[in-house]
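**Q** Here the numbering used here is used: the first residue of the sequence shown is 53, the next is one more, and so on. C-beta atoms are modelled at their ideal positions from N, C-alpha and C, and glycine is treated no differently. Bear in mind the structure is a predicted one, so any value in this text is a computation, not a measurement.
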Amino acid sequence: MTGEILVSEVGPRDGLQSIRSIMPLESKKAWIDAEAAAGVREIEVGSFVPAKLLPQLADTAEVVAHARTIPGLAVAVLVPNLKGAEAAVQAGAHKITIPLSASETHSLKNVRRTHAQMLDEVRGIVALLRSLPAGQRPRFEGGLSTAFGCTLEGDVPADRVVRLAESLMEAGCDEVGLSDTTGYANPAQVKDLVRRVRGAVGDHALSGLHLHNTRGLGLANVLAGLEVGITTFDSSLGGLGGCPFAPGASGNIVTEDLVFMLEAMGIRTGIDLPRLLAVREILRSAVPGEEIHGFTPAAGLPLGFRPATSPGASA
Ligand code: ZN
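1. Between which two residues does the alpha helix (DSSP H) carrying Ile177 extend?
2. Quick check: does the Cβ of Asp309 come within less than 7 angstroms of any heavy atom belonging to the ligand ZN?
3. Under a Cβ-count criterion, where at least 16 other Cβ atoms within 10 Å of its own Cβ denotes burial, should Thr54 be classed as buried or exposed?
4. Mind checking whether the beta-carbon of Gly303 lies closer than 7 angstroms to any heavy atom of the ligand ZN?
5. Using a Cβ-Cβ cutoff of less than 6 angstroms, which residues in the same chain neighbour Ser219 once the five nearest sequence positions on both sides are dropped?
6. At what residues does the beta strand (DSSP E) containing Thr191 begin and finish?
7. Reducing DSSP to helix, strand and coil, say where His262 ends up.
8. To the nearest angstrom, how far is it from the Cα of Pro326 to the Cα of Phe285?
9. Nearest-angstrom Cα distance between His262 and Trp83?
10. Let's test the definition: count the other Cβ atoms within 10 Å of the Cβ of His256 and tell me whether it reaches 16, buried, or not, exposed.
11. Does the Cβ of Gly294 have 16 or more other Cβ atoms within 10 Å, making it buried, or fewer, making it exposed?
12. Would you say the beta carbon of His262 is closer than 7 angstroms to some non-hydrogen atom of the ligand ZN?
Pasting the structure below:
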């Protein structure tokens with residue numbers, strides 16, 4: 053647990069899609085600039101979905117174009133289908149994630165597609181990516197959502213998640229990720245599912261977790277993930293977006309709290325925590341009506357706090 057951990061900021065996508073306010077393009081750019089300047093190396097900047105479904109993310113192509121100009125920043129986007137992937141490639145995203153819900157009921161409700169239909173989309177996207185010159189191919193991740201349980205189906209059997217991870221890799225994804233979309237996961241389950249999926253698809257094919265803090269177990273689940281070799285964690289600045297199932301709680305893990313825990317444990321993130329905390333001001337002024345979460349920002353850094361990442365160092 054001594055190497056560097058990648059904190060992948062998903063607020064500009066996951067956070068903004070869950071709030072009613074529409075953040076102006078200039079504020080999105082300022083947010084992304086400021087987080088990158090604080091040392092964040094990967095940001096999911098938007099989603100290529102029809103603007104009438106998510107008007108909050110209608111300017112994703114412009115956000116990608118801007119984010120691409122930031123040296124060293126990996127620009128990630130979410131796509132629901134082949135059409136979205138075409139737009140992502142056109143815009144120049146470095147990484148594309150397609151969500152596949154382990155719960156088929158959730159998949160039908162969310163994207164109106166069965167598992168078989170989603171896997172067809174995945175194969176279509178792989179064909180598109182393989183038609184590009186090798187140097188211009190974005191990385192392609194299959195993100196298994198509701199992997200730890202579903203608000204519609206309840207229990208999601210681990211065997212099914214493993215099978216779907218295998219199907220995604222067979223279809224040509226570069227990697228898979230596991231998402232606790234509903235905040236059902238506990239640390240023992242995180243370890244068990246990561247081990248099982250890695251056992252089936254290989255350690256290299258599962259490096260990231262997308263965890264939520266719905267029931268207060270977000271950081272405990274991160275620790276469990278660290279203990280079984282996970283090296284990338286998604287989180288959202290200020291826990292923006294909240295949680296639809298638990299009013300007053302953050303949905304995504306709060307980036308500031310995640311970075312604090314890792315740095316306090318001596319694990320480098322490459323992120324300058326005081327600079328990261330200052331980025332909250334951009335959120336506050338850009339979407340003033342929205343609730344912003346975080347324990348570390350509320351309490352402040354402990355006296356004499358020594359981060360693992362030396363201040364001012366850019367990773
Ligand atoms: Zn999320």
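**A** On the basis of the supplied data:
1. 167-182
2. no
3. Any reading at Thr54 needs caution, since the residue's pLDDT is 49, under 50, leaving its predicted position unreliable; the model's value is listed next. Under this definition Thr54 is an exposed residue.
4. yes
5. Leu171
6. According to the sequence as given, residue 191 is Arg; it is not Thr. That run of the beta strand (DSSP E) goes 191-197.
7. strand
8. 20 angstroms
9. 21 angstroms
10. exposed
11. buried
12. yes
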